[in-house]
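Structural data, given as structure tokens:
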């Protein structure tokens with residue numbers, strides 16, 4: 001088996017700047033869905049069920065490599081689902097008219113939240129690479145938050161996928 005880490009863009013992570021204050025993240029036991037879901041979609045969910053709910057279907061060859069499906073919603077919100085044999089990543093982002101989303105991650109973070117709110121709920125990120133703050137890996141689950149001008153603009157939940 002070949003093990004591949006899903007990443008929208010492969011970037012070398014750097015150390016968290018010491019200027020970021022330290023905070024304590026919520027205890028794992030209190031996190032809904034064990035921190036494995038976003039927008040009602042969990043890592044490991046059946047790709048046929050999820051894509052059907054999005055009025056889509058898996059692409060040919062998706063058992064061998066990671067594929068993606070994207071849906072746009074009113075207000076400029078975009079939901080992206082990445083899958084192989086099952087769901088391996090879920091992302092929400094604003095592509096226009098940024099604001100505070102109704103979708104909340106299991107830790108209480110929404111698009112449009114401030115970086116201060118993110119730090120208060122999640123604590124100090126494990127790594128920061130430019131605008132991307134990474135938290136993880138717990139059970140091979142990573143949470144990436146894109147922070148632009150002090151505001152969360154993208155939330156990405158990703159996992160390690162096993163390829164045959």
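Numbering (my numbering), first residue to last: 1 to 164. All residues carry an ideal CB built from backbone N, CA and C; glycine is no exception.
Residue burial annotation: residue 35 is buried, with at least 16 other C-beta atoms found within 10 angstroms of its C-beta. Boundaries around residue 134 are those of the beta strand (DSSP E), 132-138, since no alpha helix (DSSP H) includes it. According to the DSSP assignment, residue 128 belongs to the beta strand (DSSP E) that extends over 127-129. Between residue 39 and residue 92, the C-beta spacing is below 8 Å. The count of Cβ pairs closer than 8 Å, one atom from the stretch 61-72 and one from the stretch 101-111, stays below three, leaving the stretches out of contact.
A residue is called buried once 16 or more other Cβ atoms fall within 10 Å of its Cβ, and residue 42 is buried on that count. In the structure shown, residue 68 falls within a strand segment according to DSSP collapsed to helix, strand and coil.
In terms of Cβ geometry, residue 95 and residue 54 do not form a close pair [threshold 8 Å]. Bridge partners of residue 110 according to DSSP: 104. Non-local C-beta neighbours of residue 46 in its own chain, meaning closer than 7 Å and more than five positions away in sequence, comprise 86, ordered along the chain.
In the structure shown, the three-state DSSP call for residue 50 is helix.
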